[in-house]
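**Student:** Just so you know, this note's numbering puts 743 at position 681 of the sequence shown, and the rest follows in order with no gaps.
Just so it is clear, CB atoms sit at the ideal spot from N, CA and C, and this is done for glycine as well.
Quick one: structure below, then a few questions.
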Amino acid sequence: MSAETGPSSDGGRDEHVRRIRLPADRRTPAAARALVRSVLTEADLDELLNEALLLTTELSTNAVEHARTELDIEVVADPVGLTVTVTDFAAGPVDELVVGVRNDVDEITEVSERGRGLLLVDHFASRWGTTYLPTGKGVWFRLDRPGAVKEAPAALDQVPVNGGDGTVPASSAPSAAAMSELTQTSPDPYAEDPLPDFAADLLTRVAEMVGAAGGVVRLDRGDGQGTQVLARYGRQPRPGNELLQVPLAVHRPYAGELELDAAPSAYARPLAVLAAERLSLHLENDRLRRADIRRQAWLTFLAEASELLAQSLDVELTMALIPQLVVPRLGQWCAVHTTDEWGRLRLAASSHADESVLPQLHKVLEETGPESVQARLREASRSATQVPLGPPLEGFAVPLIARGQRLGTLAVGRHLRHRHDPDEVAVLEDVARRAALAIENARIHAERRRVAQTLQQSLLPPVLPVVEGIGFAAEYVPTGDDAEVGGDFYDVVPLPDGRWLVVIGDVSGKGVQAAAVTGLVRDVIRVLVGDGKPLPEALSRLNETLVERGGGRYCTLALAAVGPGERGQLDVSLHLAGHDRPVLLRGGGGASFVGLGGTALGLLDAITSPTAEVPLAPGDSLVFYTDGVTERRRGRELFGVDRLRDAAAPLAGYSADVVAARLRATAINFSVETPRDDIAILVLRNDAL
């Protein structure tokens, strides 16, 4: 910002001159007023203060808003009056237009059509003019002391009043103070909803200035409430009166008007336009503020909707959730249709703000024909674009597309008094994209779950054999993620010598690779023992197979060959390859660990697996388990082997089924968390009488 000052002399008259360059921002009018006020004080021209400040504000504000360039302000004061020139640097044609002393009403009307700023200048200035130069445009005005300007023509001495049946002196035209108050009226920044009071104040001021008998400001915010009266002044207009109506310059969905019951005059419409512009400015701020609040609300809604949809990995539940998210916030009703394997649309879920209307909604959605809702839904699915729905259901359909796959449509009906605005349509399209992705993810998860369950079932025996005098029972609980395949398994295999082989094992890791190793271990054991290989040799060859295969997978295993012994007991040959020792549960009471530790399979080239002979008397049980039981967590606390042994002790004498079921329940109930690892329990019992 730069400024030049200095007195000068012209024909013996002392002049006070100030020049300043100001940036194009909201503080410029205030700086220009300060400059004019200081010059008026120096030149002793305080009687021109109100008019000078008002016109300086208008010219500098207009230049900032329209030119958007730096401004040069020049103020020249002499004993007779004051001249202010505002020059911008917006390119324009080379031309000069000078408007001298005000002449008649026709000229004032012509000026008023060119803008309220020039109307104010023409009304208050002694002389004014506009100069167009290649470097920009300058607007100047001259204010003379009272009595120094020529008398106004008679045409301006009388101005028609409301109704046209009387006259008032021209001095009753709007004063500079009233105009200044009108242009500087602002809403209360601390009020919760300042617009009604601001509109009423503005309407009252302009109505009193033009002598209006009444007035009203109407506003439609486009929120479904219709046109509302924002402010009212005076009485209702009489039938037959010609009303002055000025539309409010606001953007959609806002719309409104300012209406005055005032007689036509040179100032009525320009002042009404001035008031409408000031009101429109604050209404536009209100619209933007409300739009920003709505967008923030929509973002919050979309975040919450995404979180809810992401939490559901069930296809049916996901599709049932979508209409509940849409109704009633984004529509009166909502229907989700999915595409079947033949490309036909099937109603998957629906919702209506009025549940009693749901049967009728379903009936309309099922109708067929070229003009039916079904036809519009098929068009939306086929074209992958938004399609409006015609009667009897007003609304539109959005395709559900995820990863290039057309999954169906999302149909939404509008509320009776409210059409969807662009923001709502964008939100609905975003909801459709997120819903389609959630449906596709749920379908993929369901397919993975089916594959995992099928693969897991193939690794476990469908049923355990029924053997006279021997009881077998098993419990298996997969990990919390039912789409993952665990590495735990168990089996009961007949041996060539008439005995039975009990197998329980745990392959490291989870997923398809762990399942592949589990299947390999299970099949190799079956082949080796089926060929009559001794258990130590079978374990050794299985270890060689896993070492050669590589991949970093290892396996712990417990093998127990069970056969009849003397006096009704069962003879058990127990081999442990890195597996936890089983619990021996005596029929008469007491529980203890049995067996000798060995080397896990797949880690070393050579392993050790000592044999432990365990006789089972009638009523005795041998409980095998995987580390999913002992490593069950409750915070930092583990279930542990000691707690397992203590839980098994009271079950002495119970059947194998009861022992397995009770131990499973005890392990599961130890923690509220879902299992992090598979739980497998296999019970062998001597059922001899």
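Under the three-state reduction of DSSP, which class applies to Asn303: helix, strand or coil?
**Tutor:** Numbered from 1 along the sequence shown, position 241 holds the residue referred to as residue 303. Asn303: coil per DSSP, three-state reduction.
**Student:** On the three-state DSSP scale, how would you describe Thr518?
**Tutor:** Position 456 of the sequence shown, counted from the first residue, corresponds to residue 518. It is worth fixing the name first, because residue 518 is Gln in this sequence and not Thr. Reduced to three states, the DSSP call for Gln518 is helix.
**Student:** Specify whether the segment 263-272 and the segment 315-323 touch according to this definition: at least 3 beta carbon pairs, one from each stretch, less than 8 angstroms apart.
**Tutor:** yes
**Student:** Check for me: the alpha helix (DSSP H) holding Ser342 runs from which residue to which?
**Tutor:** As a working note, residue 342 is residue 280 in the sequence shown. Ala330 to Gln373 is the extent of the alpha helix (DSSP H) around Ser342.
**Student:** Would the segment 131-138 and the segment 79-86 be scored as touching if the rule is three or more Cβ pairs under 8 angstroms?
**Tutor:** yes
**Student:** Does Gly318 pass the burial test, meaning 16 or more other C-beta atoms within 10 Å, or should it be called exposed?
**Tutor:** Looking up residue 318 in the sequence shown gives position 256. The residue is buried, with at least 16 neighbouring Cβ atoms inside 10 Å.
**Student:** What does the Cβ neighbour count give for Ala330, buried or exposed, with the cut at 16 atoms within 10 Å?
**Tutor:** Locating residue 330 in the sequence shown gives position 268, where the first residue counts as 1. Buried, by the Cβ-count rule.
**Student:** So if DSSP puts Arg268 in a beta bridge, which residue, or which two residues, is it bridged to?
**Tutor:** Looking up residue 268 in the sequence shown gives position 206. In the sequence under discussion, the amino acid at residue 268 is Val, which differs from the Arg named in the question. In the DSSP output, where bridge partners are listed per residue, Val268 has none listed.
**Student:** Starting from Arg468, follow the beta strand (DSSP E) in both directions and report where the run begins and ends.
**Tutor:** By one-based count along the sequence shown, residue 468 stands at place 406. Looking at the DSSP string, the run of the beta strand (DSSP E) that includes Arg468 is Gln467 to Gly475.
**Student:** In this structure, how does DSSP classify Arg80 when only helix, strand and coil are distinguished?
**Tutor:** Here residue 80 refers to the residue found at position 18 when the sequence shown is read from its first residue. The answer is strand: DSSP assigns Arg80 an E or B state.
**Student:** Taking the continuous alpha helix (DSSP H) assigned at Lys425, which residues delimit it?
**Tutor:** Against the sequence shown, residue 425 aligns to sequence position 363. It spans Leu420 to Glu428 - the alpha helix (DSSP H) in which Lys425 sits, taken as one unbroken run.
**Student:** Can you tell me the Cα-Cα spacing of Leu521 and Ala535, whole angstroms?
**Tutor:** The sequence position of residue 521 within the sequence shown is 459, counting from 1. The sequence position of residue 535 within the sequence shown is 473, counting from 1. Rounded to whole angstroms, Leu521 to Ala535 spans 17 angstroms at the Cα level.
**Student:** For Asn748, write down the residues that DSSP places opposite it in a beta bridge.
**Tutor:** In the sequence shown, the residue the question calls residue 748 occupies position 686. Beta-bridge pairing links Asn748 to Ile532.
**Student:** Of the choices Thr247, Leu472 and Val493, whose alpha-carbon is the least far from that of Trp395?
**Tutor:** Residue 395 sits at position 333 when you count from the first residue of the sequence shown. Comparing Cα-Cα distances from Trp395 to each of Thr247, Leu472 and Val493, the minimum goes to Leu472.
**Student:** On the DSSP letters alone, give me the boundaries of the beta strand (DSSP E) that Ile384 sits inside.
**Tutor:** Mapped onto the sequence shown, residue 384 falls at position 322. Per DSSP, Ile384 belongs to no beta strand (DSSP E); it is in the alpha helix (DSSP H), Val377 to Val388.
**Student:** In this structure, what does DSSP give as the bridge partners for Ser683?
**Tutor:** Position 621 of the sequence shown, counting from 1, holds the residue named residue 683. Beta-bridge pairing by DSSP links Ser683 to Leu647 and Arg747.
**Student:** Going by DSSP in three states, Glu136 sits in which element: helix, strand or coil?
**Tutor:** Counted from its first residue, the sequence shown places residue 136 at position 74. Reduced to three states, the DSSP call for Glu136 is strand.
**Student:** Do the segment 340-349 and the segment 309-318 meet, that is, are 3 or more Cβ pairs less than 8 angstroms apart?
**Tutor:** By the Cβ rule, the segment 340-349 counts as touching the segment 309-318, because three or more pairs are nearer than 8 angstroms.
**Student:** For the segment 239-294, list the beta strand (DSSP E) runs that are entirely contained and at least 3 residues long, ordered along the chain.
**Tutor:** 276-282
**Student:** Determine, using beta carbons only, whether Ala129 and Asp150 come nearer to each other than 8 angstroms.
**Tutor:** Position 67 of the sequence shown holds residue 129. Position 88 of the sequence shown holds residue 150. Yes; because the gap between Cβ atoms is below 8 angstroms, this pair is in contact.
**Student:** Within the chosen definition, does the segment 497-514 reach the segment 372-385 through at least 3 CB pairs nearer than 8 angstroms?
**Tutor:** Touching, per the Cβ criterion.
**Student:** What whole-angstrom Cβ distance do Leu306 and Ala334 have, given they're in contact under 8 angstroms?
**Tutor:** Numbered from its first residue, the sequence shown carries residue 306 at position 244. Numbered from its first residue, the sequence shown carries residue 334 at position 272. That belief holds up - the Cβ atoms of Leu306 and Ala334 are roughly 6 angstroms apart, short of 8 angstroms.
**Student:** When the distance is taken between beta carbons, is Trp404 closer than 8 angstroms to Val489?
**Tutor:** Your numbering for residue 489 matches position 427 in the sequence shown. Your numbering for residue 404 matches position 342 in the sequence shown. No; because the gap between Cβ atoms is not below 8 angstroms, this pair is not in contact.
**Student:** Can you tell me the Cα-Cα spacing of Arg468 and Val493, whole angstroms?
**Tutor:** On the sequence shown, position 406 is the one that residue 468 refers to. On the sequence shown, position 431 is the one that residue 493 refers to. Near 15 angstroms, if we compare the C-alpha coordinates of Val493 and Arg468.
**Student:** So, at 8 angstroms on beta carbons, what are the nonlocal neighbours of Leu116 in its own chain, with the 5 sequence-adjacent residues on each side left out?
**Tutor:** To locate residue 116, count along the sequence shown from 1; it is residue 54. Closer than 8 angstroms at Cβ, skipping near neighbours: Leu182, Phe186, Ala238, Met241, Ser242 and Thr245.
**Student:** Check this for me: beta carbons of Pro644 and Phe701, under 8 angstroms apart or not?
**Tutor:** Position 582 of the sequence shown, counted from the start, is the residue given in the question as residue 644. Position 639 of the sequence shown, counted from the start, is the residue given in the question as residue 701. No, the Cβ-Cβ distance between Pro644 and Phe701 is not below 8 angstroms.
**Student:** From the DSSP output, in three-state form, read off Glu628 for me.
**Tutor:** Position 566 of the sequence shown, counted from the start, is the residue given in the question as residue 628. In this structure, Glu628 counts as helix in the three-state DSSP scheme.
**Student:** Is the beta carbon of Leu597 closer than 8 angstroms to that of Val42?
**Tutor:** Outside the displayed span of the chain (63 to 751) sits residue 42, for which this structure offers no information.
**Student:** Using alpha carbons as the reference points, say which of Val539, Gly651 and Gly715 lies closest to Leu744.
**Tutor:** Locating residue 744 in the sequence shown gives position 682, where the first residue counts as 1. Checked all of Val539, Gly651 and Gly715; the closest Cα to Leu744 is Val539.
**Student:** How big is the Cα-Cα spacing for Thr118 and Leu257?
**Tutor:** As a position in the sequence shown, residue 118 is number 56, starting the count at 1. As a position in the sequence shown, residue 257 is number 195, starting the count at 1. If you take the alpha carbons of Thr118 and Leu257, they lie about 27 angstroms apart.
**Student:** I'd like the span of the beta strand (DSSP E) that includes His414, first residue to last.
**Tutor:** On the sequence shown, position 352 is the one that residue 414 refers to. That run of the beta strand (DSSP E) goes Leu407 to His414.
**Student:** Just grab the DSSP bridge partners of Thr145 for me.
**Tutor:** Mapped onto the sequence shown, residue 145 falls at position 83. Answer is Val138 and Arg204.
**Student:** At the level of alpha carbons, what is the spacing between Leu455 and Lys425?
**Tutor:** Numbered from its first residue, the sequence shown carries residue 455 at position 393. Numbered from its first residue, the sequence shown carries residue 425 at position 363. Using only the alpha carbons, I get a separation of about 12 angstroms.
**Student:** Give the secondary structure of Ile32 by DSSP, where H, G and I count as helix, E and B as strand, and everything else as coil.
**Tutor:** Lying outside 63 to 751, the shown extent of the chain, residue 32 is not represented and no answer is given.
**Student:** Locate the beta strand (DSSP E) running through Ser654, then write down its first and last residues.
**Tutor:** Numbered from its first residue, the sequence shown carries residue 654 at position 592. Taken as a continuous stretch (DSSP letters only), the beta strand (DSSP E) holding Ser654 covers Ala653 to Phe655.
**Student:** Quick check: the segment 644-653 against the segment 709-716, are there 3 or more CB pairs under 8 angstroms?
**Tutor:** yes
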